[in-house]
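In this text, residue positions in the sequence shown follow the working numbering: the first is 3, and each later residue adds one.
Cβ atoms here follow ideal geometry from the backbone N, Cα and C, with glycine treated the same way.
Remember, predicted model here, so these are calculated numbers, not experimental data.
Have a look at the structure below before the remarks.
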Amino acid sequence: MAIVLNKRNIRVVGITAALLCLVFFIIQSANNSAFTTESPSKQSNKPALNSLVGAHGDDLNIPATHNVLQDNVESAPTVETESESNNNMELDESADSAQEKDASTTAPDFDVAKEYAAILAKGPMVIFSKSTCPYSSKLKKLLRTNFQFSPEPVIVELDKHEHGDVLQGYIKEETGRGTVPNLIVGGLSRGGSDDIQKLFDEGTLLKELKTWGFGDLEVTQTTPDAVDA
Numbered sequence: 003m004a005i006v007l008n009k010r011n012i013r014v015v016g017i018t019a020a021l022l023c024l025v026f027f028i029i030q031s032a033n034n035s036a037f038t039t040e041s042p043s044k045q046s047n048k049p050a051l052n053s054l055v056g057a058h059g060d061d062l063n064i065p066a067t068h069n070v071l072q073d074n075v076e077s078a079p080t081v082e083t084e085s086e087s088n089n090n091m092e093l094d095e096s097a098d099s100a101q102e103k104d105a106s107t108t109a110p111d112f113d114v115a116k117e118y119a120a121i122l123a124k125g126p127m128v129i130f131s132k133s134t135c136p137y138s139s140k141l142k143k144l145l146r147t148n149f150q151f152s153p154e155p156v157i158v159e160l161d162k163h164e165h166g167d168v169l170q171g172y173i174k175e176e177t178g179r180g181t182v183p184n185l186i187v188g189g190l191s192r193g194g195s196d197d198i199q200k201l202f203d204e205g206t207l208l209k210e211l212k213t214w215g216f217g218d219l220e221v222t223q224t225t226p227d228a229v230d231a
């Protein structure tokens, strides 16, 4: 009886072992099938990455993609630069306009009427001039070369005056003449370079200067052909 039981036990063990082997092979086959299924998908991703990296150099990492985006961003500023240039031009024009407005506006601490009156009070003859103006230079040379004055003419160079632009605008309002040179005798504008040159050429300038001075200006012509009027 004991021998029969042992044979049964051996059969049970054998069957159990066979079943275990069968289960093992089934599981192993399933794992191999799953591995085979995943491999193509994993391998298919590598060429895409390699092609992306290969197109942009030897740096085999993700920052290569960042470089591609960086290149695209850096290639765009042409239009932005033109737009900024136009904006800068508009700002420059606005700044120039603001400067012109400031030049035509009397400074809070500058009384242009008082300044003009103070200049006229310095003498009966005043020449409003600009140091860089050829017509101003011509008039000053004409008077200096051909006449002697007492008192000497007061010369105001508007381009060197602290508030020259404002003062010139006020002179235009007062005399009707906004250009230089502007010869003021007896408180009135007597003309510019061409006007005075014409009187000199006609031989009447000396007489006119004495008349304009109302006795406050002594004038002597110093040229050889002088004719005392």
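Checklist entry - Of all the CB atoms in chain D, is at least one closer than 8 Å to the CB of residue 124? => result Going by chain labels, chain D is absent from the structure shown, which holds only one protein chain.
Item to check | Through-space distance from residue 155 to residue 224, alpha-carbon basis | outcome: Here residue 224 corresponds to residue number 222 of the sequence shown, with the count starting at 1. Here residue 155 corresponds to residue number 153 of the sequence shown, with the count starting at 1. Going from the Cα of residue 224 to the Cα of residue 155 covers about 16 Å.
Checklist entry - To the nearest whole angstrom, what separates the beta carbons of residue 198 and residue 190, a pair I think is in contact under 8 Å? => result To locate residue 198, count along the sequence shown from 1; it is residue 196. To locate residue 190, count along the sequence shown from 1; it is residue 188. In fact, because the Cβ distance is near 14 Å, the residues do not count as touching under 8 Å.
Checklist entry - If you draw a straight line from the alpha carbon of residue 172 to that of residue 164, how long is it in whole angstroms? => result Along the sequence shown, one-based indexing puts residue 172 at 170. Along the sequence shown, one-based indexing puts residue 164 at 162. Rounded to the nearest whole angstrom, the CA to CA distance from residue 172 to residue 164 is 14 Å.
Item to check | Local conformation of residue 131 per DSSP, three classes | outcome: Residue 131 sits at position 129 when you count from the first residue of the sequence shown. In this structure, DSSP gives residue 131 an extended state, which the three-state scheme calls strand.
Next on the checklist: DSSP has residue 191 in a bridge; who is on the other side?
Outcome noted: Working through the sequence shown from its first residue, we reach residue 191 at position 189. 186, per the DSSP bridge assignment.
Checklist entry - residue 122: which of 150, 185, 145 and 161 sits nearest, CA to CA? => result Numbered from 1 along the sequence shown, position 120 holds the residue referred to as residue 122. Nearest of 150, 185, 145 and 161 to residue 122, Cα basis: 185.
Item to check | Selection from 30, 158, 8 and 12 that minimises the alpha carbon distance to residue 117 | outcome: The count along the sequence shown starts at 1 and reaches residue 117 at position 115. The shortest C-alpha to C-alpha distance from residue 117 to any of 30, 158, 8 and 12 is the one to 158.
Item to check | Helix, strand or coil at residue 164 according to DSSP, with G and I counted as helix | outcome: By 1-based counting over the sequence shown, the position of residue 164 is 162. In the three-state reduction of the DSSP assignment, residue 164 falls in the coil class.
Checklist entry - Among the residues of its own chain, which have a CB less than 7 Å from the CB of residue 144, if the five just before and after it don't count? => result For the purposes of this step, residue 144 is taken as the residue at position 142 of the sequence shown. Leaving aside the five residues that flank residue 144 on each side, the residues in its chain whose CB is nearer than 7 Å to its CB run, in chain order, 198, 199 and 202.
Checklist entry - Buried or exposed: where does residue 132 fall if 16 or more other Cβ atoms within 10 Å of its Cβ makes it buried? => result Numbered from 1 along the sequence shown, position 130 holds the residue referred to as residue 132. That one is buried.
Checklist entry - Are there 16 or more other CB atoms within 10 angstroms of the CB of residue 194, so buried, or fewer, so exposed? => result Position 192 of the sequence shown, counted from the first residue, corresponds to residue 194. Under the 10 Å beta carbon count, residue 194 is surrounded by 16 or more other beta carbons and is classified as buried.
Checklist entry - Relative to the C-alpha of residue 205, which residue among 167, 137, 149 and 170 is closest? => result Translated into positions along the sequence shown, residue 205 becomes position 203. If we check each option's Cα against that of residue 205, 149 comes out closest.
Checklist entry - On the premise that residue 170 lies in contact with residue 180, defined as a C-beta separation below 8 Å, what is that separation, rounded to the nearest angstrom? => result As a first step, residue 180 must be located in the sequence shown, where it is residue number 178. As a first step, residue 170 must be located in the sequence shown, where it is residue number 168. Taking C-beta atoms under 8 Å as the contact rule, residue 180 and residue 170 qualify, at a distance of about 7 Å.
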